Amino acid sequence: MTNKVSLSRLKLTDFRNYAVASLSLDDRHVVLTGDNGSGKTNLLEAVSFLSPGRGLRRAVLSDVTRVGAQATGFSIFADVDGMDGEVAIGTGIEGDGEVVSRRLRLNGTPVKSVDELTDHLRVLWLTPAMDGLFTGSSSDR
1087 MTNKVSLSRL KLTDFRNYAV ASLSLDDRHV VLTGDNGSGK TNLLEAVSFL
1137 SPGRGLRRAV LSDVTRVGAQ ATGFSIFADV DGMDGEVAIG TGIEGDGEVV
1187 SRRLRLNGTP VKSVDELTDH LRVLWLTPAM DGLFTGSSSD R
């Protein structure tokens, strides 16, 4: 078991503003730069969906499917050098637009519970809304 966890590949399909995006990564730190609205936070949100919950924006699952997508869902796949070795994690939604459900896969095999993801990857995020330091007045700092 390792204490270091890293993503070696991240692939998005019809997620937020990405029709298709594929990133090859190594175990070094990643710095995202770009214009406002270019999708930096969307990449972080995609990573947050690799853990239990509704992601860092607490979005309704059907709301993160790319506007204009021909399919009624999205998918996120990641190759993770994780706590128990290498694992491929996939998540996304399927449905007819009215009723959607989240689907999960580990190494291509469907899993029943999102909690199984925590055996391989745990994601923690902090947002400015979580701390008055970022949103309060300068006198509060």
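For any residue, its number in the working numbering is found by taking its place in the sequence shown, counting from 1, and adding 1086.
Glycine included, each C-beta is placed from N, C-alpha and C at the ideal position.
Small disclaimer: the values here were computed from a predicted structure and weren't measured.
DSSP state of residue i mapped onto helix, strand, coil
{"i": "residue 1099", "result": "strand"}
{"i": "residue 1212", "result": "coil"}
{"i": "residue 1203", "result": "helix"}
{"i": "residue 1106", "result": "strand"}
{"i": "residue 1093", "result": "strand"}
Proximal residues to residue i (C-beta, below 6 angstroms), its chain only, five neighbours per side dropped
{"i": "residue 1038", "result": "Since the first residue shown for the chain is 1087 and the last is 1227, residue 1038 is missing from the structure and cannot be characterised."}
{"i": "residue 1110", "result": "1095"}
{"i": "residue 1098", "result": "1104, 1107, 1132, 1162"}
Cβ-based burial, residue i [other Cβ within 10 Å; buried from 16]
{"i": "residue 1215", "result": "exposed"}
{"i": "residue 1132", "result": "buried"}
{"i": "residue 1157", "result": "exposed"}
{"i": "residue 1155", "result": "exposed"}
{"i": "residue 1146", "result": "exposed"}
{"i": "residue 1150", "result": "buried"}
{"i": "residue 1176", "result": "buried"}
{"i": "residue 1178", "result": "buried"}
Contact set for residue i: own chain, Cβ-Cβ below 8 angstroms, skip 5 residues either direction
{"i": "residue 1118", "result": "1126, 1129, 1130"}
{"i": "residue 1204", "result": "1137, 1138"}
{"i": "residue 1193", "result": "1173, 1174"}
Below-8 angstroms beta-carbon distance, residue i vs any chain B residue
{"i": "residue 1179", "result": "Given the protein chain composition of this structure (a single chain), no chain B is represented."}
Chain-order list of residues whose beta-carbon lies under 7 angstroms from that of residue i (same chain, five-residue window excluded)
{"i": "residue 1213", "result": "1142"}
Length at least 4, wholly inside the segment 1113-1193: the alpha helix (DSSP H) runs in chain order: Annotation: the segment 1113-1193 contains the following complete segments of the alpha helix (DSSP H) (minimum length 4 residues), in chain order: 1126-1134.
Contact the segment 1098-1109 vs the segment 1136-1144: 3+ CB pairs below 8 angstroms: No: the two stretches stay apart, fewer than three of their Cβ pairs being nearer than 8 angstroms.
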